[in-house]
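Below is one structure; the comments refer to it alone.
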Amino acid sequence: MSRRLALVSVFLAPYAAGAADAAGASGATSTGPAAHYETLFKSPWNEDNNKHGLQHLEHVNVCIPSHDPAKHLYYDILGFAPDARRAHNIGKGSGTIWANIGSTQIHLPEGEPQVVPGTIGLVYGSSDLAEVIARLTENAITNGNENNRKNALEGTKFAWREEKEEGGEETGYVDVTCPYGNVYRLHKRKPSSSTIAPEATQAATTTDRGGGGGALDPRGGRLPNVPAGGQGSSSLGLGISYVSFRVRPGTAAGIARFYRELFGAEAQEMGGGGSGDGDGGGGSSSGEDVCSVTQEGDSGKGLRCSTATEADKRRGTAAVVRVGPVQHLAFVEEEDEALLQQEYDGHHICVYLPEEGFRRSFEEAERRGLVFVNPRRNFGKADTLEKALEEKQYRIKDLVDPATGELLHVLEHEIRSISHPSYPVARDLSAHTPM
């Protein structure tokens, strides 16, 4: 059965120029004419979508050289919840830690710092975003007593910038640069949007935060190595809404084909900001800084995106990949010489597929020689279908154009079946509870 959905997904973050703004600019970026991107993903998420395509973007993995700056930013300021399954590492001050936001996570192993070449989009309730802004303004701990972490961000790349809605006093979004250069864009949840967390998470949230806007990751007590009730506290935010990546010019169309053919995902190419290129470009101007997928019942209004910075106007086309009903990946072309010279540093994302889609995707990846075994890891070494089905996960690293075999982008994917024990979302994704 299907349920009426009102889904909101946010898109097009600051990329290179926006990252520089977040790292040092004191004012709002200048604005100019912006292109609209429409007619994507017109159909509502329904039962059939649960059978194919990408179902959930669970985590982004970036290495950090030390705990204290990261713990202060993610736990104390941004309001992520420490994951109970890595609590022992938090206590000893070394090893991998996980920062939960709703049923999504940032994984933070120790190592040379890794930086996503783009932006990670986060969603907060309005009052919770205001709380984060207050914490950023004070740069003080408001939810703990570990005062030795208060100055942990000094001397790092940490910076932040609040962008107001055009012509108003309301916050449009907040850009936050982590101590090592990763850029997060914090958005307000739109009215009547769905949460990224499942219904079970929402029930826990109501109890844990007095009906607040955050979310509780329900997985901790389900796993065999964590006692029942070991989920930890709820997060202030609702989850990761998108990850956007800067990519070389001329690669977006091939990347969209890659996701369609390897994963059966909904993926489309869109025209670039101000360039007029691509399949979805338009000519209207707007002051919007996010795009919304507003799908109610069978009306199926399309995805409408617009950008409003000068940097956006310099960008080319983008490939947008649907992930479940409320998330997406974006690959935005940009003519940036530094980007062309940048070496991949090993950051990765984790996504989930339905069981039959998981099998089919492995077979296709194996046929194309794309299955990747990460030598740095002592688990997840599936290099055959039998091992992949046993471990319920495998990895790829190279994004290639299915039509030509050309290497388009490098991004390690940890690909899991929804039967994996860490899958956090209700099996019927159309049952997300509107908030």
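Numbers -18 to -1, 1 to 417, taken from mature numbering (1 follows the signal peptide of the UniProt record, and there is no 0), label the letters of the sequence shown in order.
Think of the CB as a built atom: it goes at the ideal place given N, C-alpha and C, for glycine as much as any other residue.
Everything numeric in this text was worked out from a predicted model, so none of it was measured.
Endpoints, alpha helix (DSSP H) assigned at residue i
i: residue 237; result: 234 to 245
i: residue 96; result: Per DSSP, residue 96 belongs to no alpha helix (DSSP H) and is neither H nor E.
i: residue 49; result: 49 to 53
i: residue 119; result: 108 to 120
i: residue 71; result: 69 to 74
i: residue 323; result: 319 to 323
i: residue 62; result: Taken as a continuous stretch (DSSP letters only), residue 62 belongs to no alpha helix (DSSP H), as it is neither H nor E.
i: residue 369; result: 367 to 373
i: residue 347; result: 337 to 349
Residues near residue i in its chain [Cβ-Cβ closer than 6 Å; skip 5 each side]
i: residue 418; result: In the structure as shown, the chain begins at -18 and stops at 417. Residue 418 is therefore absent and cannot be evaluated.
i: residue 389; result: 380 and 382
i: residue 93; result: 45
i: residue 378; result: 347, 352, 354 and 395
i: residue 296; result: Residue confidence for residue 296 is low, a pLDDT of 44 falling below 50, so the modelled location carries little weight; the figure read from the coordinates is stated next. Nothing meets the Cβ criterion.
i: residue 98; result: 164 and 329
i: residue 370; result: 344, 364 and 376
i: residue 321; result: 228
i: residue 96; result: 44, 45, 327, 328 and 329
i: residue 350; result: none
i: residue 89; result: 41, 43 and 80
Cβ separation of residue i and residue j, assumed to be a contact under 8 Å, to the nearest whole Å
i: residue 159; j: residue 142; result: 7 Å
i: residue 40; j: residue 78; result: Not confirmed; about 15 Å, so no contact.
i: residue 249; j: residue 333; result: Actually they are not in contact, since the Cβ atoms of residue 249 and residue 333 sit about 13 Å apart, beyond 8 Å.
i: residue 50; j: residue 134; result: 4 Å
i: residue 229; j: residue 326; result: About 12 Å; that fails the 8 Å criterion.
i: residue 339; j: residue 253; result: The pair is not a contact, with the Cβ atoms about 29 Å apart (cut-off 8 Å).
i: residue 299; j: residue 243; result: Not a contact, Cβ separation roughly 19 Å.
Contacting residues, own chain, Cβ-Cβ under 7 Å from residue i (five flanking each side not counted)
i: residue 374; result: 398, 399, 401 and 402
i: residue 124; result: At residue 124 the pLDDT is 42, less than 50, meaning the model places this residue with poor confidence; the figure from the coordinates comes in the next sentence. So the qualifying residues of the chain are 117.
i: residue 336; result: 32, 33, 34, 37 and 400
i: residue 55; result: 135, 140, 160 and 161
i: residue 150; result: none
Cutoff 8 Å: residue i Cβ touching any chain C Cβ
i: residue 28; result: The chain labelled as chain C is not found in the depicted structure, where only one protein chain is given.
Close beta carbons around residue i, own chain, < 8 Å, minus the five adjacent residues each side
i: residue 76; result: 49 and 92
i: residue 139; result: 5, 159, 160, 161, 162 and 163
i: residue 156; result: 111, 114, 115, 118, 142, 143, 144, 145, 167 and 168
i: residue 225; result: 39, 42, 98, 100, 101, 102, 103, 311, 312 and 331
i: residue 367; result: 341, 344, 345 and 348
i: residue 47; result: 92, 93, 94, 95 and 162
Where the beta strand (DSSP E) through residue i begins and ends
i: residue 397; result: 389 to 399
i: residue 222; result: 221 to 229
i: residue 46; result: Per DSSP, residue 46 belongs to no beta strand (DSSP E) and is neither H nor E.
i: residue 313; result: 309 to 315
i: residue 250; result: 249 to 252
i: residue 28; result: It is not in any beta strand (DSSP E) - residue 28 carries neither H nor E in the DSSP assignment.
i: residue 157; result: 153 to 159
i: residue 170; result: 165 to 170
i: residue 434; result: Because the chain is modelled from -18 through 417, residue 434 falls outside the range shown and cannot be assessed.
i: residue 141; result: 141 to 146
i: residue 32; result: Unbroken run through residue 32: none, as it is neither H nor E.
i: residue 356; result: From DSSP, residue 356 is part of no beta strand (DSSP E); its letter is neither H nor E.
i: residue 81; result: 79 to 83
(message) Any contact between the segment 371 to 386 and the segment 237 to 247? By contact I mean 3 or more CB pairs, one from each, below 8 Å.
(response) At 8 Å Cβ cutoff, the stretches touch.
(request) Decide if the segment 104 to 114 is in contact with the segment 221 to 233; the criterion is three or more beta carbon pairs, one per stretch, under 8 Å apart. (result) A contact exists between the segment 104 to 114 and the segment 221 to 233.
(message) Tell me whether the segment 225 to 235 and the segment 112 to 121 touch, counting them as touching only if at least three CB pairs, one residue from each stretch, are closer than 8 Å.
(response) The segment 112 to 121 and the segment 225 to 235 do not touch, with fewer than three beta-carbon pairs separated by less than 8 Å.
(request) Check whether the segment 59 to 76 touches the segment 31 to 38, counting contact only when three or more Cβ pairs, one atom from each stretch, lie closer than 8 Å. (result) Fewer than three beta-carbon pairs drawn from the segment 59 to 76 and the segment 31 to 38 are found closer than 8 Å, and the two stretches are therefore not classed as touching.
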